[in-house]
Amino acid sequence: MAGAISVTSYNGITCLTLDNPKSRNALSTQMVIDMIAALETAHADVRCRAIVLAGAGDHFCAGGDVSEMQADRPLLGSRLRIERAHRIIRLLSAGPKPTICAVEGIAYGLGLSLAMACDWVVASQSSRFCAVFNKVGLIPDMGLMWSLPQRIGVAKAKQLFFTARAVQSDEAQDLGMIDALTDVGCAKHNAFVTAEQWSGSAPIPVALVKAVYAKGEATLEAVLRAEVDHQPALYLTQDHEDGVAAFREKRASHFNGK
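Residue numbers (my numbering): 9 to 266.
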């Protein structure tokens with residue numbers, strides 16, 4: 009089998025690991041299918057409060073599986089393949105659970121797209137990022153033309169798209185591509201630390217905030233409308249009631265997503 013997606017769960021955190029280290033975790037068609045299923049399961053699991061995405065071995069993801077690429081692939085088949093893979097990006101960016109990406113080594117091409125689709129990116133000092141698409145005559149895919157400009161701005165994103173140059177970890181942090189820089193081998197551990205912190209947050213507001221920002225750059229009117237649409241319903245939740253009680257009683261909240 010051309011790689012796999014390994015799934016583990018601990019204390020309300022689901023970890024999805026790209027498990028194809030011989031090819032630096034290049035994503036095959038079967039891995040795409042398995043990843044969609046794993047993400048859908050995690051988002052539907054009430055016990056899951058956060059999702060960590062990582063790669064096995066020394067690298068996060070080298071991109072798509074080159075062995076499956078064909079210059080003469082049928083147009084319709086290519087469209088269907090791309091649309092299927094888009095489900096992953098929607099689940100990472102707009103799914104109700106917060107997503108944290110742990111990057112060791114390279115995050116190239118599709119691997120960069122996966123990382124940028126997550127809510128938080130933890131990367132080690134060995135990490136390197138590259139939108140390689142122009143080198144093979146393609147435009148960025150898997151939502152990267154949406155997600156990368158959100159982090160670093162349109163002008164800087166276009167520069168990386170046009171040149172397809174690699175970005176080292178220090179520059180990636182300066183640009184805003186990553187949120188936390190760690191020692192080599194520590195990215196996954198630090199991603200779990202963040203996931204544990206976030207897992208204590210009220211899940212319904214988290215899901216609604218993700219949904220608002222997944223629609224793109226929100227105007228003031230769109231944000232105010234979202235508040236009117238969602239906040240009155242949140243006033244009626246058990247989580248809000250417990251949060252207010254916890255504040256008054258000076259104790260930790262016990263959110264259950266209800």
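No residue lacks a Cβ here, since even glycine has one placed at the ideal position from N, Cα and C.
Exercise. Go ahead and pull the three-state DSSP assignment for Gly151.
Key: Within the sequence shown, numbered from 1, the residue matching residue 151 stands at position 143. Residue state, collapsed to three classes: coil.
Self-check item: Element boundaries [alpha helix (DSSP H), containing Asp127]
Solution: Translated into the one-based positions of the sequence shown, residue 127 becomes position 119. That residue, Asp127, is in no alpha helix (DSSP H); it is neither H nor E in DSSP.
Quiz item: In three-state terms, what does DSSP make of Ala10?
Solution: On the sequence shown, position 2 is the one that residue 10 refers to. The predicted position of Ala10 is uncertain, since its pLDDT is 49 and thus under 50; no value can be drawn from it.
Quiz item: With a Cβ-Cβ cutoff of 8 Å, do Ala265 and Pro213 count as a contact?
Solution: On the sequence shown, position 257 is the one that residue 265 refers to. On the sequence shown, position 205 is the one that residue 213 refers to. For the record, residue 265 in the displayed sequence is Gly; it is not Ala. No, they are not a contact pair.
Exercise. Look up Ser17 in the DSSP assignment and say whether it is helix, strand or coil.
Key: The sequence position of residue 17 within the sequence shown is 9, counting from 1. If DSSP states are grouped into helix, strand and coil, Ser17 belongs with the strands.
Quiz item: Gln181 by DSSP, collapsed to three states: which one?
Solution: For the purposes of this step, residue 181 is taken as the residue at position 173 of the sequence shown. Of the three classes helix, strand and coil, the one that applies to Gln181 here is helix, per DSSP.
Exercise. Just the C-alpha distance for Trp128 and Ile13, rounded to the nearest angstrom, thanks.
Key: As a position in the sequence shown, residue 128 is number 120, starting the count at 1. As a position in the sequence shown, residue 13 is number 5, starting the count at 1. Taking the straight line from one Cα to the other gives about 20 Å.
Quiz item: Taking the alpha carbon of Val54 as the point to measure from, which residue in Ile186, Asn19 and Gly151 has its own alpha carbon closest?
Solution: Within the sequence shown, residue 54 is the residue found at index 46, counting from 1. Considering only alpha carbons, the answer is Asn19.
Quiz prompt | Local conformation of Val201 per DSSP, three classes | solution = Position 193 of the sequence shown, counting from 1, holds the residue named residue 201. Three-state DSSP puts Val201 in a helix.
Quiz item: Going by the beta-carbon positions, is the gap between Phe170 and Asn198 smaller than 8 Å?
Solution: As a working mapping, residue 170 is identified with position 162 in the sequence shown. As a working mapping, residue 198 is identified with position 190 in the sequence shown. No. Outside cutoff.
Self-check item: At least 3 beta-carbon pairs within less than 8 Å: the region 163-178 vs the region 58-75
Solution: no
Quiz item: Helix, strand or coil: how does DSSP classify Leu118 here?
Solution: One-based indexing of the sequence shown puts residue 118 at position 110. Helix, per DSSP.
Practice problem: State the Cα-Cα distance for the pair Val60 and Leu244, rounded to the nearest angstrom. | Solution: Numbered from its first residue, the sequence shown carries residue 60 at position 52. Numbered from its first residue, the sequence shown carries residue 244 at position 236. Their Cα atoms are separated by approximately 30 Å.
Practice problem: Measuring only between beta-carbons, confirm whether Glu249 sits less than 8 Å from chain D. | Solution: Absent from the structure is chain D; it holds one protein chain and no more.
Exercise. Find out if the Cβ-Cβ distance for the pair Pro104, Lys218 is shorter than 8 Å.
Key: The sequence position of residue 104 within the sequence shown is 96, counting from 1. The sequence position of residue 218 within the sequence shown is 210, counting from 1. Yes, Cβ-Cβ distance for Pro104 and Lys218 is below 8 Å.
Quiz item: Which residues in the same chain have their Cβ closer than 8 Å to the Cβ of Ile44, if we skip the five residues on either side of it in sequence?
Solution: Counting from 1 along the sequence shown, the entry for residue 44 is found at position 36. Same-chain partners within the cutoff: Arg92, Arg95, Ile96 and Leu99.
Quiz item: First and last residue of the alpha helix (DSSP H) that includes Phe169?
Solution: For the purposes of this step, residue 169 is identified with residue 161 of the sequence shown, where counting begins at 1. That run of the alpha helix (DSSP H) goes Val162 to Thr171.
Quiz item: What number of angstroms, rounded off, separates the C-alpha of Asp2 from the C-alpha of Leu189?
Solution: An answer regarding residue 2 cannot be provided, because it is not within the stretch 9 to 266 covered by the chain.
Quiz item: Excluding five sequence neighbours on each side, which residues of the same chain lie with their C-beta closer than 6 Å to the C-beta of Leu216?
Solution: Position 208 of the sequence shown, counted from the start, is the residue given in the question as residue 216. Here the set comprises His238.
Quiz item: Would Ile108 pass as a contact of Ala222 if the rule is Cβ separation under 8 Å?
Solution: Counting from one through the sequence shown, the residue named residue 108 turns up at place 100. Counting from one through the sequence shown, the residue named residue 222 turns up at place 214. No, the pair does not count as a contact, with Cβ atoms beyond the cut-off.
Practice problem: Report the three-state DSSP secondary structure of Asp247 (helix, strand or coil). | Solution: Along the sequence shown, one-based indexing puts residue 247 at 239. Three-state DSSP puts Asp247 in a helix.
Quiz item: For Val192, which of Leu88, Cys56, Leu26 and Gln133 has the nearest alpha-carbon?
Solution: Counting from 1 along the sequence shown, the entry for residue 192 is found at position 184. With distances taken between Cα atoms, Val192 lies closest to Gln133.
Practice problem: Out of Ser209, Arg233, Gly119 and Asp187, point me to the one whose CA is closest to Asp247's CA. | Solution: Position 239 of the sequence shown, counting from 1, holds the residue named residue 247. Here the closest residue by C-alpha is Ser209.
Quiz item: Is DSSP giving Arg55 helix, strand or coil here?
Solution: Looking up residue 55 in the sequence shown gives position 47. DSSP places Arg55 in coil when its eight states are reduced to three.
Quiz item: Cα-Cα, which of Ala34, Ala110 and Val40 is closest to Phe200?
Solution: Residue numbering aside, residue 200 sits at position 192 when the sequence shown is read from its first letter. Looking at the Cα atoms, Ala110 is the closest of the given residues.
Practice problem: Tell me whether Met9 is buried or exposed, calling it buried when 16 or more other Cβ atoms sit within 10 Å of its Cβ. | Solution: Mapped onto the sequence shown, residue 9 falls at position 1. At Met9 the pLDDT is 42, less than 50, meaning the model places this residue with poor confidence; the figure from the coordinates comes in the next sentence. Exposed is the call here.
Self-check item: Buried versus exposed, by CB contacts within 10 Å (16 or more), Ser121
Solution: Translated into the one-based positions of the sequence shown, residue 121 becomes position 113. Its Cβ being crowded by 16 or more others within 10 Å, Ser121 is buried.
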